[in-house]
Amino acid sequence: MSGETKEVLGNNYVQNDVIINRLIDKMTLFDDNLMSLVFGQNIETTELLLRVIMERDIKVIDVRGQDELKNPVIGGRCITLDVHAIDVDGRHIDIEVQINAEGSHVRRARYHSSMMDARMLKEGQEFKEIKDSYVIFIYDHDKFRKGLPFYHIQRRVDETGEAFGDGSHIIYVNGRYEGNDDIGRMMRDFHQCRPEQIKSEALSKAVAYYKEKEGRGAMSEAVRKYAMEYAKEYAKEYGEEQRREGMKNGIQTGRRTEIFLSVQDGDYSVNRGAEKLGMSVDEFEKSMSEAGYRVPELV
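Just so we're aligned, residue 302 is where the sequence shown starts under this note's numbering, counting upward by one.
Right, dumping it as structure tokens:
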């Protein structure tokens, strides 16, 4: 853990590890940290996802997670692709997951597309040599609120309605779609935080690797970086939970003390005290004695 991360997370490193592990346990494939690892380093899972979304067989030859595309203009905005894949025909595919609506402006897709296009041609190549590009946004909500599984965006000639055919494709996936088909099953898998609940064997295995096995360390490191921005929120949530738990324990302790004193002073019988605490008589006597109170039967 970097010193900067320690400063954000505070001095209680044990508590920090609890927070990190709880974050990982709660993550689904709609979290770009987990999604980038599961797909960005695994051609098999990426091909599976693309076959479902693009509805055809596709052969991926290269895939990278969290691939940064730098803007050549000084001060220009750079982007980081959650998953950047290239298929056997040279087509570039950007796959993004999005939970909140703040990052879902339609011009974001245009920008992502342009940043990929700008890297496809080398000096001297003709424009007709540029390969097709796909920007795929998998939203945790229905972007266009029409209940459809997909929304395909392409340029068209207004006067004729014909496709412009420039090779630029944008696809929005409705993460809330629950149809009994491939994309419906895939989206249900995306919402699962536990590997054993994921129906796709390939996805279940990949998620389990990063949540339960050797890849847990890589996942933890990714989450620590993520925690730089969000740790305070989760620490606050964890602290509030601990406070509630402490209050609950305090109430329970106070209740026991009250009953132990009542039995010690003869106001309650041992049987009555055990009944009030939902314990057997033997358990009650042992607990009362260990807490330092006089058990009448033992006096």
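Each residue gets a CB set at the ideal place from its N, CA and C atoms; glycine is no exception.
Fair warning: this is a prediction, and the values are worked out from it, not measured in the lab.
Should PHE465 go down as buried or exposed, given a rule of 16 or more other Cβ atoms within 10 Å for buried? As a first step, residue 465 must be located in the sequence shown, where it is residue number 164. By the 10 Å Cβ count, PHE465 comes out exposed.
Note down the Cα distance separating VAL596 from SER570, rounded to an integer number of angstroms. In the sequence shown, counting from the first residue as 1, residue 596 sits at position 295. In the sequence shown, counting from the first residue as 1, residue 570 sits at position 269. In a straight line, the C-alpha of VAL596 is about 10 Å away from that of SER570.
Buried versus exposed call for GLY366 [16 or more other C-beta atoms within 10 Å across all chains shown]: As a working note, residue 366 is residue 65 in the sequence shown. Under this definition GLY366 is a buried residue.
Among PRO373, MET520, ALA410, LYS429, which residue has its Cα nearest to the Cα of ILE394? For this step, residue 394 is matched to residue 93 along the sequence shown. With distances taken between Cα atoms, ILE394 lies closest to ALA410.
My output table needs one value for ILE472: the three-state DSSP class, helix, strand or coil. Here residue 472 refers to the residue found at position 171 of the sequence shown. Of the three classes helix, strand and coil, the one that applies to ILE472 here is strand, per DSSP.
Is the beta carbon of ARG456 closer than 7 Å to that of ASP467? As a working mapping, residue 467 is identified with position 166 in the sequence shown. As a working mapping, residue 456 is identified with position 155 in the sequence shown. Yes. Within cutoff.
Tell me which same chain residues have a C-beta within less than 6 Å of the C-beta of TYR510, skipping the five on either side of it? Along the sequence shown, read from residue 1 onward, the residue named residue 510 stands at position 209. Spatial neighbours of TYR510 in its own chain (CB-CB distance under 6 Å, excluding positions within 5 residues in sequence) are listed in chain order as GLY516.
Around the Cβ of THR558, are there at least 16 other Cβ atoms within 10 angstroms (buried) or fewer (exposed)? Reading the sequence shown from its first residue, position 257 is the one you call residue 558. Exposed is the call here.
Between the alpha carbons of VAL315 and GLY448, how many angstroms are there, rounded? Position 14 of the sequence shown, counting from 1, holds the residue named residue 315. Position 147 of the sequence shown, counting from 1, holds the residue named residue 448. The pLDDT assigned to VAL315 is 44, lower than 50, so where the model puts this residue is not dependable; a value taken from the coordinates is nonetheless given after this. Approximately 45 Å, taken between the alpha carbons.
Around the C-beta of MET487, are 16 or more other C-beta atoms found within 10 angstroms, so that it is buried, or is it exposed? Sequence index remark: in the sequence shown, residue 487 carries index 186 (1-based). Buried, since its Cβ has 16 or more Cβ neighbours within 10 Å.
Rounded C-beta distance between ILE437 and ILE354? I'm assuming under 8 Å. Residue 437 sits at position 136 when you count from the first residue of the sequence shown. Residue 354 sits at position 53 when you count from the first residue of the sequence shown. Contact flag correct, Cβ pair sits at about 6 Å.
Could you give the distance in angstroms between the alpha-carbon of TYR248 and the alpha-carbon of VAL582? Residue 248 is absent from the structure shown; the chain starts at 302 and stops at 600.
Cβ-Cβ separation, ALA507 to VAL384 (assumed contact under 8 Å), whole Å: In the sequence shown, the residue the question calls residue 384 occupies position 83. In the sequence shown, the residue the question calls residue 507 occupies position 206. Incorrect: roughly 13 Å between the Cβ atoms, too far for contact.
Measuring straight from C-alpha to C-alpha, what distance separates LYS360 and GLY391? Taking the sequence shown and counting its residues from 1, the one referred to as residue 360 is at position 59. Taking the sequence shown and counting its residues from 1, the one referred to as residue 391 is at position 90. Distance between the alpha carbons of LYS360 and GLY391: 10 Å.
Identify the continuous alpha helix (DSSP H) that holds THR346 and give its terminal residues. Reading the sequence shown from its first residue, position 45 is the one you call residue 346. First-last of the alpha helix (DSSP H) with THR346: 344-355.
Taking DSSP's pairing of strands, which residues face ASP363 in a bridge? Residue numbering aside, residue 363 sits at position 62 when the sequence shown is read from its first letter. Per DSSP, ILE387.
Starting from PHE585, follow the beta strand (DSSP E) in both directions and report where the run begins and ends. Within the sequence shown, numbered from 1, the residue matching residue 585 stands at position 284. Here PHE585 belongs to no beta strand (DSSP E); instead the alpha helix (DSSP H) covers 582-591.
LYS371 - DSSP class collapsed to helix/strand/coil: Position 70 of the sequence shown, counted from the first residue, corresponds to residue 371. If DSSP states are grouped into helix, strand and coil, LYS371 belongs with coil.
Please give the ranges of any beta strand (DSSP E) in the stretch 377-457, keeping only runs that are unbroken, at least 3 residues long and fully inside the region. 380-388, 393-399, 434-440, 451-454
Between the CA atoms of ARG352 and LYS358 - distance to the nearest angstrom: The residue labelled residue 358 in the question sits at position 57 within the sequence shown. The residue labelled residue 352 in the question sits at position 51 within the sequence shown. At residue 358 the sequence reads Asp, which differs from the Lys that was named. Roughly 5 Å between the two C-alpha positions.
Compare the beta carbon distance of HIS492 and THR329 with 7 Å and say whether it is the shorter of the two. Locating residue 492 in the sequence shown gives position 191, counting from the first residue. Locating residue 329 in the sequence shown gives position 28, counting from the first residue. Yes, Cβ-Cβ distance for HIS492 and THR329 is below 7 Å.
To the nearest angstrom, how far is the alpha carbon of GLU348 from that of ARG556? Indexing the sequence shown from 1 puts residue 348 at position 47. Indexing the sequence shown from 1 puts residue 556 at position 255. Approximately 59 Å, taken between the alpha carbons.
Closest residue to ILE344 among ASP332, VAL364, MET336 (Cα-Cα distance): As a working mapping, residue 344 is identified with position 43 in the sequence shown. It is VAL364 whose Cα lies nearest to the Cα of ILE344.
Backbone CA spacing between GLY480 and CYS379 [nearest angstrom]: Start at 1 with the first residue of the sequence shown, and residue 480 comes out as number 179. Start at 1 with the first residue of the sequence shown, and residue 379 comes out as number 78. Rounded to whole angstroms, GLY480 to CYS379 spans 36 Å at the Cα level.
Between SER415 and ARG408, what straight-line distance do the alpha-carbon atoms span, to the nearest angstrom? Position 114 of the sequence shown, counted from the start, is the residue given in the question as residue 415. Position 107 of the sequence shown, counted from the start, is the residue given in the question as residue 408. Spanning the two alpha carbons is a distance of roughly 11 Å.
Could you say which of GLU463, ILE484, HIS470 lies nearest to GLU356 if we only look at CA atoms? Position 55 of the sequence shown, counted from the first residue, corresponds to residue 356. The residue with the shortest Cα to Cα distance from GLU356 is ILE484.
Beta carbon of PHE331 nearer than 7 Å to that of VAL398: Here the question's residue 331 lines up with position 30 in the sequence shown. Here the question's residue 398 lines up with position 97 in the sequence shown. Result yes, Cβ atoms of PHE331 and VAL398 sit closer than 7 Å.
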